Amino acid sequence: MIGINMMGFVRSVLSFLGFLAAIDHVLAQNDVKKINANNVPMFGAPYYHHIPWKEFPEDEGLIADSFREPIVLQPGISIGGQSAKVGVSLVYQLTAGTDSSALCQIMDSSGAVVCSRTFDMDSQHETVTICVTPTAPFSNLVVLCTVSTNNIGCFSEDMTVQVEQRGAVAMKDLSTGDRIMVEPARHDQPPVYQSVYGFGHYHPSVPMEYLQIYTYDSPRTALELSASHLIYAKGHSEPIRADQLQNGDLLLRSSLSDHHRSDYNTTVLYTEIVRIDRANRDGAYLPLTSAGTIVVNGIYTSAYVSISEVAPDIVERLPWFSASEQDLFHWWLAPYRMACLSNNQLCRAVTAFDDEGVLQWLNWGKDLAKFGNRQTPWVQGVGLSVTFAWLLIWIVLEQIFLYRWLQAIMPWLVLASYYAWQRCCCQSPKQTGKSLRQQPPKLKSQ
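Mind the numbering: the sequence shown is residues -28 to -1, 1 to 418 in mature numbering (1 follows the signal peptide of the UniProt record, and there is no 0), read in order.
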């Protein structure tokens, strides 16, 4: 496990070397939101555009005027449902009510897409996401209506993890302190277990929509996780959103799981996705480990979620710092991890979670990301640099706290540094007096 944490620490240090390159990147762009010279999206690729909730009026009514001006969509992923495939103008009607389903239909007379949605105007609805796969040039939007809520990504209650010396345990029965299987530093190593130091989301009855991922090895037992959850897939160096997965994709699996033998394999094992469905469940669970990974139903997944729905620009800036969403989430939790590992009662307090069971520390991080997403690219680059610098302090402290050998050598490193500083930068009073002592004047030659 030293390899896992030290690797993350080294990556976090190296990420700051990308700051100067990031600044050059910002200065080189006149408009980062411009797609091409004609402001027309490229055909055949999904695009999305986020409209903040505050832009909607407080009362119901037709608000098509807000969207009649040309809007350039940004490269991204289609979030839920099916993307529209025609380039037409938009009429968007907002009606009051409690039903959060969307109804889109094509008007034969004008070719316009009328998309009406009913939902409660409350703080949970933060963004209306408009998705499109363009097949022809268009000046206004082609709409797919989805609403992102405040719920953070997680697993359903019946998903199982491998607990050391206990075997498979359901999420609903998991507790802080349980040692569960995580991804090892190398896949030729035996299974690695780490303690659950806390939960990012814990609520037995909150309603959630989950993706059901069926694989070749488990065709009858689905992996149920939220669409925004990060998961490892072949062909991607970092975990991706679960709703980016498709049939035929290969997921990284453990050789020690509910369905496989109790040993480990020296090769990387994959299992193919054969079907993806959706299901509504009550209950949401997101156990956190120091490695930032977790093995659920025998599949390696991240313990974190994507913020691309609420802060797409921030996610877009992360490669400037050689970082990923996995890194960002892991670094942000460093202070909370330190608190939990020093006193796990802090992480069991009810006040640490909101009414929906989401960890407040994660809510604060999301709010900060949303604030940064509204800033200019220059401010975003500087803000990320300052945030990473602050988190780096906590990451260093975490490494010292976790490893006894670092604790043992730290006093010697401090003493050596102090001695070197004294030798290079300071002189004793006696040495100073000697250096300033005047020599007797020389007689001038006649």
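Think of the CB as a built atom: it goes at the ideal place given N, C-alpha and C, for glycine as much as any other residue.
Predicted model, so just to flag it, every value in this text is computed and none were measured.
For residue j and residue i, believed in contact at Cβ under 8 Å, the rounded distance
| i | j | result |
| --- | --- | --- |
| Val267 | Ser226 | 5 Å |
| Asn269 | Leu202 | With 8 Å as the limit, Asn269 and Leu202 do not qualify as a contact, their Cβ atoms being about 16 Å apart. |
| Thr187 | Thr243 | 4 Å |
| Lys342 | Ala283 | 6 Å |
| Lys206 | Leu222 | 4 Å |
Same chain only: Cβ atoms within 7 Å of residue i, ignoring 5 sequence neighbours per side
| i | result |
| --- | --- |
| Glu181 | Arg250, Asn252 |
| Trp304 | Gly337, Leu363 |
| Phe325 | Tyr174, Leu331, Gln332 |
| Asn335 | Asp326 |
| Arg309 | Tyr169, Ser262, Glu370 |
Check whether residue i and residue j have beta carbons under 9 Å apart
| i | j | result |
| --- | --- | --- |
| residue 422 | Leu183 | Since the first residue of the chain shown is -28 and the last is 418, residue 422 is not available in this structure. |
| Phe301 | Ser198 | no |
| Pro259 | Gly172 | yes |
| Gln352 | Ile286 | yes |
| Val178 | Gly329 | yes |
| Pro191 | Val246 | yes |
| Asp299 | Leu290 | yes |
| Thr359 | Leu340 | yes |
| Phe293 | Ser209 | no |
For residue i: DSSP bridge partner residues
| i | result |
| --- | --- |
| Met180 | Arg253 |
| His201 | Val277 |
| Gly139 | Val135 |
| Tyr186 | Arg247 |
| His175 | Ala256 |
| Gly170 | Leu260 |
| Tyr165 | Met153 |
Residues of its chain near residue i, where Cβ-Cβ distance is below 6 Å and the 5 sequence neighbours each way are ignored
| i | result |
| --- | --- |
| Glu155 | Thr265, Tyr272 |
| Tyr204 | Pro211, Leu224, Tyr272 |
| Lys144 | Glu129 |
| Gly355 | Gly344 |
| Pro176 | Gly255 |
| Pro24 | Only weak support is given to the placement of Pro24: the predicted model assigns it a pLDDT of 39, under 50, and the question is left unresolved by the model. |
| Glu288 | none |
Neighbourhood of residue i by C-beta distance below 8 Å, restricted to the same chain and skipping five residues each side
| i | result |
| --- | --- |
| Ser147 | Val168 |
| Gln347 | Gly355 |
Chain B contact for residue i (CB, 9 Å cutoff)
| i | result |
| --- | --- |
| Ala295 | Structure shown: chain B not included; a single protein chain is present. |
Completely contained alpha helix (DSSP H) runs for the stretch 230 to 301, where each covers 4 or more residues: 284 to 289
Completely contained alpha helix (DSSP H) runs for the stretch 302 to 372, where each covers 4 or more residues: 306 to 314, 332 to 345
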